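J.: Using this note's numbering, read the sequence shown as starting at 1121 and increasing by one per residue. Each residue gets a CB set at the ideal place from its N, CA and C atoms; glycine is no exception. Just so we're clear, the structure is a prediction, and the values are computed from it rather than from any experiment.
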Amino acid sequence: MALQLPPITVERWVNSPPLTPDDLRGRVVLVDIWEYTCVNWIRTAPYVKAWHRDYADLGLTVVGVHAPEFEFGRDAANIDRAVRDHGLTYPVALDNDFTFWRILRNDAWPAKYLFDAEGRLVDRWVGEGAYERVESEIRRLLEVRAPRTGLPPVSPEAAAFAEVGEPSYVGITPETYVGADRGVPGTFTVTGDWLSGGEYVELVSGTGELALPFNAGEVNLVVDPGPTGRAEVRVLLDGEPIGGERGADVDADSVAHLDRAAMVRLVDGASRDDHLLSLVTGQVGFRAYVFTFGP
């Protein structure tokens, strides 16, 4: 792992001209390795945005480094939309070839690397949580950088997390990939004419169904609607149109209307029992990549 902030050699920058270690010298730097369909990063994004909001004027620079998990994540239009949809206003570097990722010896999404004002690596955090500890270190380094800096109160986001604590994921269905490269036989079933690709399963013709047994309160799916850019997916829970347990991306008619390659929220608030989620679509070219879950 790099002990000094290395050159951020990437394909493209959003929200900023290219930044070098010299440009960032004298500022505390938080590098956030992210991927726009990763549910774990999506859950951390409010905290990263809060730190940018509260500390950018006091000497913190947040640099979001996007490294794609799936091929569609290399598409500039998809990333630009994700930056807008998630309200990211800090500098974003697009690391499509994983050049910066490899220099850091990174191995996961999301990951946060905190560098002091001299460019020295201070700490690293992987995954969700620890927000109060990250913010505490940010504040400490800002005070070291400028001892008379008047810091605001701890962000409401981190304070609320510290009060509630980490949610329990005990017994929840694990992340479930459906492509041939990482899919586990028996974790899901398809009915109809589907193609099994390395990253995904794709509907080839007619109407198809993708069914997944699960035990979780929340279910999400990374999808690509296909060549038309749009798809409708009927969502069934235990054989019935999903009702009050529908996720934010499912309408009251139990249909998810997809218009981009993204993570969609299908189930929210399901009881912690064994359930069957069924997705039905007639959109040829529709691709499903990975199911993720929450309590």
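(1) Of the choices 1349, 1318, 1400, whose alpha-carbon is the least far from that of residue 1420?
(2) From what residue to what residue does the alpha helix (DSSP H) around residue 1220 run?
(3) Going by other Cβ atoms of all chains shown within 10 Å of its Cβ, with 16 needed for buried, is residue 1280 buried or exposed?
(4) Nearest to residue 1207 by alpha carbon, out of 1165, 1238, 1357, 1413?
(5) Whose C-alpha, out of 1173, 1254, 1367, 1249, is nearest the C-alpha of residue 1288?
(6) Give me the Cβ distance between residue 1240 and residue 1123, rounded to the nearest whole Å; I'm assuming they're in contact under 8 angstroms.
(7) Give me, in chain order, the residues of the same chain whose beta-carbon lies closer than 6 angstroms to that of residue 1235; leave out the 5 immediate sequence neighbours on both sides.
(8) Just how far apart, CA to CA, sit residue 1327 and residue 1346?
(9) Residues in its own chain within less than 8 angstroms of residue 1133 by CB, not counting five upstream and five downstream?
(10) Using the Cα positions of residue 1343 and residue 1270, report the straight-line distance between them to the nearest angstrom.
(11) How is residue 1172 classed by DSSP in three states: helix, strand or coil?
(12) Buried or exposed: residue 1135, going by 16 or more other Cβ atoms within 10 Å of its Cβ?
(13) Which residue marks the beginning of the beta strand (DSSP E) containing residue 1064, and which one marks its end?
(14) If distances are taken between C-alpha atoms only, which option among 1200, 1348, 1322, 1375 comes closest to residue 1360?
(15) Can you grab the Cα-Cα spacing for the pair residue 1338 / residue 1294, in whole Å?
(16) Report the start-end ranges of each beta strand (DSSP E) in the region 1370 to 1415 that is 3 residues or longer and not cut off at the edges.
(17) Out of 1227, 1351, 1256, point me to the one whose CA is closest to residue 1278's CA.
(18) Run through the DSSP bridge pairs and tell me what residue 1235 is partnered with.
(19) Give the straight-line distance between the Cα atoms of residue 1143 and residue 1185, rounded to the nearest whole angstrom.
(20) According to DSSP, is residue 1229 part of a helix, a strand, or is it coil?
(21) Going by DSSP, which residues form a beta bridge with residue 1316?
(22) Could you check what DSSP says for residue 1137 in three-state terms: helix, strand or coil?
(23) Helix, strand or coil for residue 1160? Go by DSSP, reduced to three states.
(24) If you run the structure through DSSP and keep just helix, strand and coil, what is residue 1214?
(25) Using CA atoms only, rank isn't needed, just tell me which of 1358, 1354, 1320 is closest to residue 1371.
(26) Would a C-beta distance cut-off of 8 angstroms place residue 1220 and residue 1311 closer than the cut-off?
(27) Going by alpha carbons, who is nearest to residue 1172 out of 1227, 1190, 1147?
(28) Answer with buried or exposed for residue 1222, where buried requires no fewer than 16 other C-beta atoms within 10 angstroms of its C-beta.
(29) So residue 1322 and residue 1405 are in contact, right, with Cβ under 8 angstroms, and what is the actual spacing, rounded?
(30) Quick check on the DSSP output: what are the complete beta strand (DSSP E) runs of length 3 or more inside the region 1277 to 1357, in order along the chain?
T.: On the basis of the coordinates in this document:
(1) Lying before the first or after the last residue shown, residue 1420 is absent from the chain, which here runs from 1121 to 1415.
(2) 1219 to 1224
(3) exposed
(4) 1165
(5) 1249
(6) 7 angstroms
(7) 1125, 1149, 1241
(8) 14 angstroms
(9) 1139, 1211, 1212, 1213, 1214
(10) 45 angstroms
(11) helix
(12) exposed
(13) Outside the modelled stretch of the chain, which goes from 1121 to 1415, sits residue 1064, for which no answer is possible.
(14) 1375
(15) 12 angstroms
(16) 1375 to 1378, 1382 to 1388, 1395 to 1401, 1407 to 1414
(17) 1256
(18) 1149, 1241
(19) 17 angstroms
(20) coil
(21) 1321
(22) coil
(23) helix
(24) strand
(25) 1354
(26) no
(27) 1147
(28) exposed
(29) 6 angstroms
(30) 1309 to 1316, 1321 to 1334, 1338 to 1344, 1351 to 1357
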